[in-house]
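Asks: Last residue of the sequence shown: 970 (the working numbering), numbering continuous.
Even for Gly, the Cβ is constructed at its ideal location relative to N, Cα and C.
Here the structure is a predicted model, which is why all the values come from computation and not from measurement.
So that we are looking at the same thing, I have put the structure below in C-alpha cells.
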Amino acid sequence: MDGPLTEPVAAPAASAAASASSASAGASLAAAYNRSACTECQRRKQKIADECRYNTTNPPPVPPASSAVRDRDKDKDDTLPHGKQGPAAPVPNGVADGGPSAAGSHPHAPWFDTLTAARVFSTLGLEPPPESSKSSPKEDAAAANSSPQIKRVLKLLPSRQSMDKLINTFNNDVNYHYYIIYPPDFLKDYHIWWERHSKNRPLSLQFTCLLAMICACCVQHADNDMQQELQRFSGMPADDLSEQLHNAVRELASVIPVGHYHMFNVQRLLHSCYWYKAEARFLEAWHVLSAAILEARELECHKEPPPDTETEHDREMRRRLWCILDTWDWQISSGLSRPKIIDRADCDAELPSLTLEKAWAQAPSPLLHMKMQSELTRRLASRFSAPKNVISTDEVREYQGLIEDWVRRFPPVYDFENPDTSKDALYPWIFPHRYYVYTMACLLILNPIRHYMVKSYSWDSPPEELQVRAVGIDYSLKLMKTLRSWVDRIYNRDGRLHFVIFSIFDTAAILCTAIIKDHERTISNREAIVDAVTDAVAMLQQLNSISKTSKTSYDLLERLVRRLPERSMLVGSGRIPEQGEQHNVDGPLWKTLYGILDGRPTDWASLTSYAWKAVRRRHRLPTASHQTSTAA
Numbered sequence: 339m340d341g342p343l344t345e346p347v348a349a350p351a352a353s354a355a356a357s358a359s360s361a362s363a364g365a366s367l368a369a370a371y372n373r374s375a376c377t378e379c380q381r382r383k384q385k386i387a388d389e390c391r392y393n394t395t396n397p398p399p400v401p402p403a404s405s406a407v408r409d410r411d412k413d414k415d416d417t418l419p420h421g422k423q424g425p426a427a428p429v430p431n432g433v434a435d436g437g438p439s440a441a442g443s444h445p446h447a448p449w450f451d452t453l454t455a456a457r458v459f460s461t462l463g464l465e466p467p468p469e470s471s472k473s474s475p476k477e478d479a480a481a482a483n484s485s486p487q488i489k490r491v492l493k494l495l496p497s498r499q500s501m502d503k504l505i506n507t508f509n510n511d512v513n514y515h516y517y518i519i520y521p522p523d524f525l526k527d528y529h530i531w532w533e534r535h536s537k538n539r540p541l542s543l544q545f546t547c548l549l550a551m552i553c554a555c556c557v558q559h560a561d562n563d564m565q566q567e568l569q570r571f572s573g574m575p576a577d578d579l580s581e582q583l584h585n586a587v588r589e590l591a592s593v594i595p596v597g598h599y600h601m602f603n604v605q606r607l608l609h610s611c612y613w614y615k616a617e618a619r620f621l622e623a624w625h626v627l628s629a630a631i632l633e634a635r636e637l638e639c640h641k642e643p644p645p646d647t648e649t650e651h652d653r654e655m656r657r658r659l660w661c662i663l664d665t666w667d668w669q670i671s672s673g674l675s676r677p678k679i680i681d682r683a684d685c686d687a688e689l690p691s692l693t694l695e696k697a698w699a700q701a702p703s704p705l706l707h708m709k710m711q712s713e714l715t716r717r718l719a720s721r722f723s724a725p726k727n728v729i730s731t732d733e734v735r736e737y738q739g740l741i742e743d744w745v746r747r748f749p750p751v752y753d754f755e756n757p758d759t760s761k762d763a764l765y766p767w768i769f770p771h772r773y774y775v776y777t778m779a780c781l782l783i784l785n786p787i788r789h790y791m792v793k794s795y796s797w798d799s800p801p802e803e804l805q806v807r808a809v810g811i812d813y814s815l816k817l818m819k820t821l822r823s824w825v826d827r828i829y830n831r832d833g834r835l836h837f838v839i840f841s842i843f844d845t846a847a848i849l850c851t852a853i854i855k856d857h858e859r860t861i862s863n864r865e866a867i868v869d870a871v872t873d874a875v876a877m878l879q880q881l882n883s884i885s886k887t888s889k890t891s892y893d894l895l896e897r898l899v900r901r902l903p904e905r906s907m908l909v910g911s912g913r914i915p916e917q918g919e920q921h922n923v924d925g926p927l928w929k930t931l932y933g934i935l936d937g938r939p940t941d942w943a944s945l946t947s948y949a950w951k952a953v954r955r956r957h958r959l960p961t962a963s964h965q966t967s968t969a970a
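Encoded structure:
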C-alpha cells in the first residue's frame, strides 16, 4: 500500500434501499483500512526521519577556531605532564548521540532494523553486557589565580622547602600505613607540578587536590619541630592548618567538572577518608569512602578489563586501589553497622600482584597487609555478607574457622606465633603491619562473640553459649598481649593511634562486663582477666602523654574496673588509684555503660559516640581526635 485508501464512492439513490447491515459493514471495513494505512505510513515516515537524523555521510562543517584559541589549546597540550591530555576533541555528529557511523548510514543500510531489535532485547533484559567504553582519564588544567578555591589552597600550602620535608615524611612513614600511593609515580608528578607552578603555568586540578590532601595528612602527624616550622609559616597551630587545608581541598575539588573521573580523585578521597579516620570521625569517613568507591567504579576499577587493553602497570594500580577500597568498606561499614557500599556481585577485580617494588624483593610489600585483609573479607562476604549475620553458635564457629584458617596462612614475617623479625630494622612498616593484622584478626573473631560475652550465665546455661564465651575470653586475652607489645613501640601520634586506643578500651570493657555479670563464677580464668584489665588501664595511662583523648578512655576504664568484685585487691595493690579520686566523665557515658552492665540491649557504638563527644567538650577540640570504632 503506497498511500491511504479513500472511502468508496456513494451508490445512486436507487440503491439506497440496500440493507443497513451491509452499509455498516462497509463503513467499518473502510475505517479499518484507513487505520492500517496510517500506521504503516507513520512507520515509514519515522524510518526516513531516523535515517536523516543519524546520517553522518556529510556532516556540517565545523568553523575553524581562532588563532588565539588554537595557541591556547596547543599550550595546554604541550605543558601538561606526560600522559595528561587537554580538552577532548570534538565528537562527530551522530556518534555522540549513539547513532551509527558514517559507513553504516546509507539510506538502504539495514541498521534501523538492528537498532529496533536492540531496543527490544534491551527492554526484555536479553541484551548481553556492553563492552567497556572506558576512555582515558584526563586532567583539568587551571591557572593559579583562576578561582578563589585554588588561590586558597595555594596560599595554605607551605613553601617548597617545607613541603619537601612533608613529602619526605609521607614517603617514609605516613604512606606506609595503607600504601595508597605508589611513590615513583607520585614523585614524578610532584616535580612536574612544582616546575609548572614556578613558571606560572596552568596546574592540574586533580593532582593539586591530591597533593594538598596529602600535605593535610602529613601536617596532621607532624613532629614537634615540623609543627613549629609550619606555625611560623601559617601563623596557626598545626591542627588548625591541617583542618583548614583539608577543607580547602574539598572546596577546590568541587570545581572539577562533573564526569571528569581520574585515579588522582580516588587517591585524594582515600586520603581524605584517612584524615577523618585519624580524627576518629568515622561517619564522615564512611561518606567520603562512598564517594571514592563511586569514582573508582566509574573508572571501572572493580572490573577486570579485556586482555591487552591496559598496561600491566595500570592494571596493578587499579587493583591496588580497589583492594584498599574493598577492605575499608568491610571494616568501616561493619564498625558503623551500616550497609556495605560495594555490590560484590558486580565485581571481578583480582587482587594485586605486589611485584612492582623490585628493590624490596626480600621484604613484604607495604601493601601486603591490606591484600591479606581484602582476601579475607572477600571470603567472609561471600559466606556471611556482613558480621551482623553471624548469630547462632554454629555460625560463630564457622566464622571463627574461616578467620583462623586465614591466620594459619600468614607469611613467615607475619606469623602469629613465631614471626620472622630479622627484617624489622631494615623495613619500618613490617612491625606495625604485623601487629595491625594480629589485632584485626582478634577483633574480627570477637565481633560476633561480644553478644555472648556480655550476657549473664549460670551453670545450667546452654553449653554451646558457654563455649563461645570461653573462646571470646581467650581471644580477648591474646589481643591484650598483642596490644601491650604494640604500645611499647609507640612513641608519637599517627593515624593508627585511635585504633590502638579503641582496641584497648573496647576489649578491656568487654572483659570487665563478663566478670561483673558472672554472678555464679562460671569463668575459670578470672585472675588472668583481672591482670589483663589492669594492664589495659596502665597502657591507656601510658598513652596519655601523646594523646589527649586517651585520658578519657583511661578515666572510663578505671571507673569500670572499680566495679569488679576483685576491686579491693586491685586498690590495695596500688594498681588502680584510690577510690577518692574524682574524674570528669559525663553522665550519659555512664548511663549507657551501666545499661550494658545491667543487661539492657545497648549498642556499643552509642557508648563510644558519647565518649568522644565528651572528649570534644573537655579538650575543646575542633574535631574529635580519636573516636572509638571497630573500623580500623
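Any idea what DSSP makes of Ala480, helix, strand or coil?
Replies: The DSSP-derived three-state label of Ala480 is strand.
Asks: Count Cβ pairs between the region 513-528 and the region 563-578 that sit closer than 8 angstroms; are there 3 or more?
Replies: no
Asks: Can you say whether Gly810 is buried or exposed, counting buried as having 16 or more other CB atoms within 10 angstroms of its CB?
Replies: Buried, by the Cβ-count rule.
Asks: For the alpha helix (DSSP H) that Met574 lies in, which residues bound it at each end?
Replies: Run containing Met574: none; DSSP gives neither H nor E here.
Asks: Rounded to a whole number of angstroms, what is the C-alpha to C-alpha distance between Leu494 and Leu579?
Replies: 8 angstroms
Asks: Which residues in the same chain have their Cβ closer than 6 angstroms to the Cβ of Asn509, if we skip the five residues on either side of it in sequence?
Replies: Pro521
Asks: Buried or exposed: where does Ile884 fall if 16 or more other Cβ atoms within 10 Å of its Cβ makes it buried?
Replies: exposed
Asks: For Ser720, name the three-state secondary structure that DSSP assigns.
Replies: helix
Asks: Based on the DSSP output, what are the partners of Leu541 in its beta bridges?
Replies: Ala480
Asks: In whole angstroms, what is the alpha-carbon distance linking Tyr666 and Leu627?
Replies: Residue identity check: residue 666 is Trp in the sequence provided, not Tyr. Computed Cα separation, rounded: 8 angstroms.
Asks: Tell me the DSSP secondary structure of Asn785 in three-state form.
Replies: coil
Asks: Do you know whose CA, among Ser720, Lys816, Gln700 and Ser691, lies nearest Lys709's CA?
Replies: Ser691
Asks: What span of residues does the alpha helix (DSSP H) with Val745 cover, start to end?
Replies: Thr731 to Arg746
Asks: Which of helix, strand or coil does DSSP assign to Gly597?
Replies: coil
Asks: If distances are taken between C-alpha atoms only, which option among Ala479, Lys819, Ser497 and Thr507 comes closest to Pro595?
Replies: Ala479
Asks: Pick from Val806, Met551 and Asp652: whose alpha carbon is nearest that of Cys639?
Replies: If we check each option's Cα against that of Cys639, Asp652 comes out closest.
Asks: Put Ile530 into one of helix, strand or coil per three-state DSSP.
Replies: helix
Asks: How many angstroms separate the CA atom of Lys641 from the CA atom of Glu736?
Replies: 30 angstroms
Asks: With 16 as the cutoff for other CB atoms within 10 Å, does His529 come out buried or exposed?
Replies: exposed
Asks: Taking the straight line between their C-alpha atoms, what separation do you get for Gln288 and Val512?
Replies: Any property of residue 288 remains undetermined from this structure, which presents the chain solely from 339 to 970.
Asks: Tell me, please, whether the region 888-898 touches the region 845-854 by the rule of three or more beta-carbon pairs shorter than 8 angstroms.
Replies: yes
Asks: For Thr555, which residues of its own chain have a beta-carbon under 7 angstroms away from its beta-carbon, when the five flanking residues on both sides are left out?
Replies: Just to set this straight, residue 555 is Cys in the shown sequence, not Thr. For Cys555, where only same-chain residues beyond five positions count, the Cβ hits under 7 angstroms are Val512, His609, Tyr612 and Trp613.
Asks: Give the C-beta separation of Leu548 and Arg606 to the nearest angstrom, bearing in mind that I take them to be a contact with Cβ-Cβ under 8 angstroms.
Replies: 4 angstroms
Asks: Is Leu804 helix, strand or coil when you go by DSSP?
Replies: helix
Asks: By alpha-carbon positions, which one of His836, Tyr774, Ile662 and Val868 ends up nearest to Ser823?
Replies: Among His836, Tyr774, Ile662 and Val868, the Cα nearest to that of Ser823 is on Tyr774.
Asks: Ordered along the chain, which non-local residues of its own chain (more than five positions away) have a Cβ less than 7 angstroms from that of Asp873?
Replies: The answer, listed in chain order, is Met818 and Arg822.
Asks: Can you find at least 3 beta carbon pairs, one from the region 674-682 and one from the region 534-547, that sit closer than 8 angstroms?
Replies: no
Asks: In its own chain, which residues sit with a C-beta less than 6 angstroms from the C-beta of Ala852, not counting the 5 before and 5 after it?
Replies: So the qualifying residues of the chain are Met791.
Asks: Rounded to a whole number of angstroms, what is the C-alpha to C-alpha distance between Asp856 and Tyr776?
Replies: 28 angstroms
Asks: Here's a check: name, in chain order, each residue in its chain whose Cβ is nearer than 7 angstroms to the Cβ of Ser485, leaving out the five neighbours to either side.
Replies: Val593
Asks: Quick one: is Pro342 buried, meaning 16 or more other Cβ sit within 10 Å of its Cβ, or exposed?
Replies: Only weak support exists for where Pro342 lies, its pLDDT of 42 falling under 50; the value from the coordinates is given anyway. Answer is exposed; the Cβ neighbour count stays below 16.
Asks: Which of helix, strand or coil does DSSP assign to Asn510?
Replies: helix
Asks: From which residue to which residue does the alpha helix (DSSP H) around Lys696 run?
Replies: Membership of Lys696 in any alpha helix (DSSP H) is not indicated, and neither H nor E is assigned to it by DSSP.
Asks: Three-state secondary structure (DSSP) at His640?
Replies: coil
Asks: Ignore the nearest five residues each way along the sequence and tell me which others in Pro704's own chain have a CB closer than 6 angstroms to its CB.
Replies: Cβ-Cβ distances below 6 angstroms link Pro704 to Tyr514, Tyr517 and Trp767 in the same chain, with the five nearest sequence neighbours on each side left out; the list follows chain order.
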